[in-house]
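Please read the structure below before turning to the comments.
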Amino acid sequence: MRTSPKQELRAPLLQSPPGNAAAAVDLLAIASGLFGRPKICPAHERHTRRPTWTDLFFDLVFAAAIAQLSGPLDHDYSFYGIARFAFLLALVFLAWFGYTAFSTQFAVDDVVERVLIVAQVFLVAVMAANATEMLGSTDAGAFGAAYGGVRAILALQYARVACVSESASLIRRKIGGLCVAVVLWVIAALLPVPYRYGGWAAALLIDIGNSWPASRSTTASPPGATHFPERFGLLTIILLGEFVASVMRGIESQMSWSFLAASAAVLSLALGFTIWSCYSDGALGWETRHVRSHRDVVRLRVWITLHFALFLGIGAIGVGAHRAIALPAGGHFNAQEQWIICGAAAGMVLVIMAIAATSERHAHSKHRWIWLSQAGIALFALTLAPLNSLIIATALLLFLLLCFIAQTAVLFANHRQ
């Protein structure tokens, strides 16, 4: 007996597991049918795709949101401020990563998809607008609820391709996890502190777990070997552009210029450029990455996690450079500030070293001095932390710049081996 198109559309859904999550998946997939079947990228074209203008627009919006998150950090450059920034950054990163993983796999680009992207962008703007208050405030609750809205739209984007993808069962599980997390994010926004924190923790764990499909599924349907790394590289360079903007704000705050103030500004700009060179040219952070085995999957997951740490370090050092420029000529960081900026620099050296270790060109290096020397550079940066009373802020920027120059040179030397 012949089936109608509507029956064919429902056929894959009848295999969904029972329960509330499966019912939500069914409803989303039925709703997606109202918009028509999207055209997805063929598997043989996935690894040759390059980022589009839509991707760049999306990345710029998220970079602006991350810059907004760092605003309160400029006024509270403390360990608590860093912890708060890290939590909010984790949500923005997961929101960006969710769509990036979707777009690199399916490359849907039609009117409905662009409408959904605009809706995501609006909710990211809401997140940024509510990112300036304490975590226990009403604004912070609205931040979490807006993030839940972003995940809800991602679930709808996956629902649109659930009936035309070869990985329908995997997509249905992902949609179910997204729906459960969305409910928790919305409920947590209505809860008082400290119960809100418990709701956030549960929802965040679900989102993190849902972002890592099984190794077999990843190798069967890997992300674009070119598109995926280039998206991470684009966001990195845009965030370093925000780093430069932070330096410019520090320059604006100077009422009168002196040699030390001008030196701090020049050193900060050079520091941003050197970090980019160390990441892109030295560590080959956004080189083509093929996923063919379980080992490649593990390496990819480590590489993704390291980028979150990289973005956290860029934000912390950018705010530190801004504060160094704004200090009076010959001024010092206080003890906590010095530990933060030195710890962030040492951490970034180690992160870039680990990113290089995931690169096919660096991974097989048998020269221990390559890795030991980078660990030594990180240790040197950290030893500067307790010397805040002996090292002025401008001199500290110079030492940190030399650390990243030295790491870049070491990584380049490994290229020639």
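For the sequence shown, the working numbering gives the first residue as 69, with consecutive numbering after it.
Just so you know, even glycine gets a beta-carbon here, dropped at the ideal spot from N, CA and C.
* Residue environment, E428, which counts as buried when at least 16 other CB atoms sit within 10 Å -> exposed
* Nonlocal neighbours in the same chain, by C-beta distance under 7 Å from G212, ignoring five residues either side -> W253, A256, A257, W268
* Given L468, which residues of its chain have a CB within under 7 Å of its CB, disregarding the five upstream and five downstream residues? -> L339, A413, A449
* Looking at the structure shown, is P396 part of a helix, part of a strand, or coil, going by DSSP? -> coil
* Asked: Taking the continuous alpha helix (DSSP H) assigned at G318, which residues delimit it?
  -> 295-320
* To do: Give a yes or no on whether the C-beta atoms belonging to N482 and F401 are separated by under 7 Å.
  => no
* To do: Could you tell me which uninterrupted alpha helix (DSSP H) segments, each at least 4 residues in length, are contained entirely in the stretch 404-469, listed from first to last along the chain?
  => 428-431, 436-451
* Please state whether DSSP places V261 in a helix, a strand or coil. => coil
* Could you pull out every residue in the same chain whose Cβ sits closer than 6 Å to the Cβ of M416, ignoring the five residues on either side in sequence? => G381
* Under three-state DSSP, which class holds G381? -> helix
* Which class does V248 belong to by DSSP, given the choice of helix, strand or coil? -> helix
* Nearest-angstrom Cα separation, counted from V194 out to I315 -> Correcting the residue identity first, residue 315 is Val in this sequence and not Ile. Cα to Cα, V315 sits roughly 26 Å from V194.
* Nearest CA to the CA of G388: which residue from I438, D349, S336, F376? -> S336
* Under the assumption that R117 contacts H362 (Cβ atoms under 8 Å), give the Cβ distance between them as a whole number of angstroms. => Actually they are not in contact, since the Cβ atoms of R117 and H362 sit about 24 Å apart, beyond 8 Å.
* Asked: Does the stretch 193-210 come close enough to the stretch 177-184 that 3 or more CB-CB pairs lie under 8 Å?
  -> no
* Asked: Out of S205, E310, Q225, L224, which has the shortest C-alpha to C-alpha gap to V261?
  -> S205
* Through-space distance from H375 to G353, alpha-carbon basis -> 9 Å
* Cβ atoms of A293 and H358: under 7 Å apart, would you say? -> yes
* **Beta-carbon separation (whole angstroms), I393 vs A333, contact threshold 8 Å** => 5 Å
* Given M202 as reference, the closest of W371, L162, L137, A377 once Cα atoms are compared -> L137
* Asked: Between the C-alpha atoms of R241 and V366, what's the straight-line distance to the nearest angstrom?
  -> 21 Å
* Asked: Which residues in the same chain have their Cβ closer than 6 Å to the Cβ of L466, if we skip the five residues on either side of it in sequence?
  -> L335
* To do: Just tell me which of Q442, T168, L272 has its CA closest to the CA of R299.
  => T168
* Buried or exposed: which applies to E320, given that a residue is buried once 16 or more other Cβ atoms fall within 10 Å of its Cβ? -> exposed
* Asked: Is it right to say D349 is buried, meaning 16 or more other beta carbons lie within 10 angstroms of its own, or is it exposed?
  -> exposed
* Helix, strand or coil for G212 per DSSP? -> helix
* Asked: Out of curiosity, what's the CA-to-CA distance linking F170 and V218?
  -> 13 Å
* **Exposed unless 16 or more other CB atoms sit within 10 angstroms - verdict on T304** => buried
* Cβ-Cβ separation, G166 to L222 (assumed contact under 8 Å), whole Å -> 5 Å
* Beta-carbon separation of F190 and V229 under 7 Å? -> no
* Alpha carbon to alpha carbon, how far is A131 from E310? -> 8 Å
* Start-to-end residues for the alpha helix (DSSP H) that takes in T122 -> 121-143
* **Boundaries (first-last residue) of the alpha helix (DSSP H) holding S345** => 327-345
* To do: Compute the Euclidean distance between the alpha carbons of Q406 and I459, then round it to the nearest angstrom.
  => 10 Å
* For I343 and L128, believed in contact at Cβ under 8 Å, the rounded distance -> In fact, because the Cβ distance is near 20 Å, the residues do not count as touching under 8 Å.
* Asked: What three-state label does DSSP hand S205 in the structure shown?
  -> coil
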